[in-house]
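Let me begin by presenting the structure, written as structure tokens, before commenting on it.
Numbering (this note's numbering), first residue to last: 103 to 642.
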């Protein structure tokens, strides 16, 4: 008898990681510099360009949820990833064509010519073309970045292997965006060669599709059998109905082995229900399983909500760091100046470096020191601590900058290199809380919601984005702390101290929820799910 085909395991890693590398580079080629592209190539106003970017950013974080629902409920993750990858490719090709074919965009203004009248605003046709291109690119980026992580984690049975996979996955993702911000954007910004940037994205997108399809026969595929969201809703109904049935059973003294007949349902006394003991047992088991799935989700929500505040603080810092860096000395050499927006690269590099040594050094160090492995919630807590310390560091640097300006108005401006240390701390924190959150959600969510579990961070990002926007709006309306000029009373240090206090309180809330939380599996382990019909390649 022939052995069944080996699927899953480490054999699939090159295909999945290669796919996320290609798709992330493709996304970075347009997403990282979208605002400047709209302003320079489409003659869109700065305000409108920022609004378009905001809408795209929301879409990037909404489509993971839509993709997860489709994957868990109807078609599985493979088809969703495949369609989204092609959508990304088409969107990038359209953006690339707009840089080559002049009629696809409005005539660019010549900033070196006074009173240049050759440029004009985009027409309705230009906006329509841009809308389709950005929609396709946004769908591709949003539906693939989390979906690939759930498909990759599904290839492994052991929790240790899934932890390693999430680390490698996020390492590849962050590295690609560091390259996008540090290399692709540099080429585009300084030399204006938009076609080169989009060309790189198209090439990497195409390679990722080829890699992903090449691994088809090696993947352990997720085939949904039912709509898990309907099941969860059914579970909530079953919990309510079961309580009613228990009350009716007590009132009528009906034994489990007797036939249940002629029970009037509340609100419909004319309708009767007859259920024999066997069908009652099957219904009860199914209802109990659905109720358990619902309880798992409810139990996770308090810990998940702590990530909303963390996301709010991180989003706010990413906006403030540009304003802070622009007031400091960004000179690298006599002829080279560091863009204020590139300060985020130091955060990404710190995340990459931390993830690169996590499994080989940091995780074994924890296990040796404390005699037990680092659990996902503990890892997330460590990440919170680094965010608190990093935010305090930004406040201290800003305080020092203000003091230096007060002492000598015409003296040397404080170097932006002082921001590197706080940004590195924030990057280290991301290397702990982001993979820890993905591992926790994937491990603790019901089996039928594995794709949705890895998309949960995108909901945190959406809510955090709006909370951050509301926070900054209130601060601007009620104070001068975020004024454009220092002379107008700008006090970023106070804003940073407020954020540090908020994230510190949130850390206390997270710790309390973590202490009260009990993992669904006793050993936090390898028995979460198994596939009995195929051999797996975990040991390959």
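Glycine included, every Cβ here is placed at the ideal spot set by N, Cα and C.
Please report how far the alpha carbon of residue i lies from the alpha carbon of residue j, in whole angstroms.
| i | j | result |
| --- | --- | --- |
| residue 281 | residue 394 | 44 Å |
| residue 132 | residue 298 | 11 Å |
| residue 361 | residue 396 | Residue confidence for residue 361 is low, a pLDDT of 49 falling below 50, so the modelled location carries little weight; the figure read from the coordinates is stated next. Going by the C-alpha atoms only, they are around 29 Å apart. |
| residue 461 | residue 454 | 13 Å |
| residue 304 | residue 496 | 38 Å |
| residue 572 | residue 425 | 18 Å |
| residue 484 | residue 534 | 7 Å |
| residue 109 | residue 185 | 22 Å |
| residue 117 | residue 595 | 46 Å |
| residue 565 | residue 207 | 34 Å |
| residue 551 | residue 468 | 31 Å |
| residue 300 | residue 450 | 22 Å |
| residue 315 | residue 246 | 14 Å |
| residue 476 | residue 171 | 31 Å |
| residue 413 | residue 541 | 17 Å |
| residue 141 | residue 309 | 30 Å |
| residue 236 | residue 183 | 18 Å |
| residue 429 | residue 149 | 22 Å |
| residue 570 | residue 319 | 44 Å |
| residue 494 | residue 599 | 7 Å |
| residue 127 | residue 196 | 17 Å |
| residue 286 | residue 619 | 44 Å |
| residue 547 | residue 555 | 6 Å |
| residue 136 | residue 278 | 17 Å |
| residue 446 | residue 284 | 10 Å |
| residue 471 | residue 532 | 22 Å |
| residue 553 | residue 307 | 22 Å |
| residue 584 | residue 549 | 46 Å |
| residue 422 | residue 536 | 21 Å |
| residue 464 | residue 267 | 16 Å |
| residue 194 | residue 174 | 28 Å |
| residue 151 | residue 574 | 19 Å |
Let me check understanding here. Comparing Cα to Cα, which of the options lies closest to residue i?
| i | options | result |
| --- | --- | --- |
| residue 111 | 190, 423 and 256 | 256 |
| residue 295 | 238, 201 and 263 | 201 |
| residue 613 | 449, 448, 408 and 532 | 408 |
| residue 134 | 562, 547 and 443 | 443 |
| residue 420 | 542, 190, 521 and 592 | 521 |
| residue 290 | 498, 198 and 410 | 198 |
| residue 324 | 288, 265 and 253 | 253 |
| residue 125 | 265, 554, 276 and 585 | 276 |
| residue 610 | 517, 480, 554 and 560 | 480 |
| residue 406 | 232, 574 and 560 | 560 |
| residue 517 | 136, 435 and 621 | 435 |
| residue 264 | 452, 114 and 474 | 114 |
| residue 616 | 557, 401, 586 and 432 | 401 |
| residue 558 | 180, 129 and 248 | 248 |
| residue 567 | 155, 464, 288 and 585 | 155 |
| residue 191 | 130, 585 and 160 | 130 |
| residue 474 | 448, 262, 579 and 592 | 262 |
| residue 487 | 507, 176 and 530 | 530 |
| residue 643 | 232, 176 and 187 | The question about residue 643 has no answer, for the chain in this structure spans 103 to 642. |
Can you give the beta carbon distance from residue i to residue j, rounded, assuming they're within the 8 Å contact cut?
| i | j | result |
| --- | --- | --- |
| residue 250 | residue 457 | Not really, about 17 Å apart at Cβ, beyond 8 Å. |
| residue 313 | residue 178 | Rounded, the Cβ-Cβ distance is 19 Å, inconsistent with contact. |
| residue 528 | residue 482 | Actually they do not touch by this definition, with Cβ atoms about 15 Å apart. |
| residue 509 | residue 602 | Contact flag wrong, Cβ pair sits at about 25 Å. |
| residue 607 | residue 415 | About 11 Å separates the two Cβ atoms, so there is no contact after all. |
| residue 478 | residue 545 | 7 Å |
| residue 622 | residue 398 | 6 Å |
Within 10 angstroms of its Cβ, does residue i collect 16 or more other Cβ (buried), or is it exposed?
| i | result |
| --- | --- |
| residue 271 | buried |
| residue 500 | buried |
| residue 234 | exposed |
| residue 222 | exposed |
| residue 321 | buried |
| residue 503 | buried |
| residue 317 | buried |
| residue 525 | buried |
| residue 403 | exposed |
| residue 147 | exposed |
| residue 438 | exposed |
| residue 204 | exposed |
| residue 562 | buried |
| residue 417 | buried |
| residue 227 | exposed |
| residue 122 | buried |
| residue 582 | exposed |
| residue 225 | exposed |
| residue 230 | exposed |
Tell me whether residue i counts as near the ligand PLP, meaning its Cβ is closer than 7 Å to at least one heavy atom of that ligand.
| i | result |
| --- | --- |
| residue 248 | Here there are no bound small molecules, and the ligand PLP is not part of this structure. |
Check whether the stretch 158-177 and the stretch 230-248 touch, using three or more Cβ-Cβ pairs below 8 Å as the test.
The answer is yes - the stretch 230-248 touches the stretch 158-177, with three or more Cβ pairs under 8 Å.
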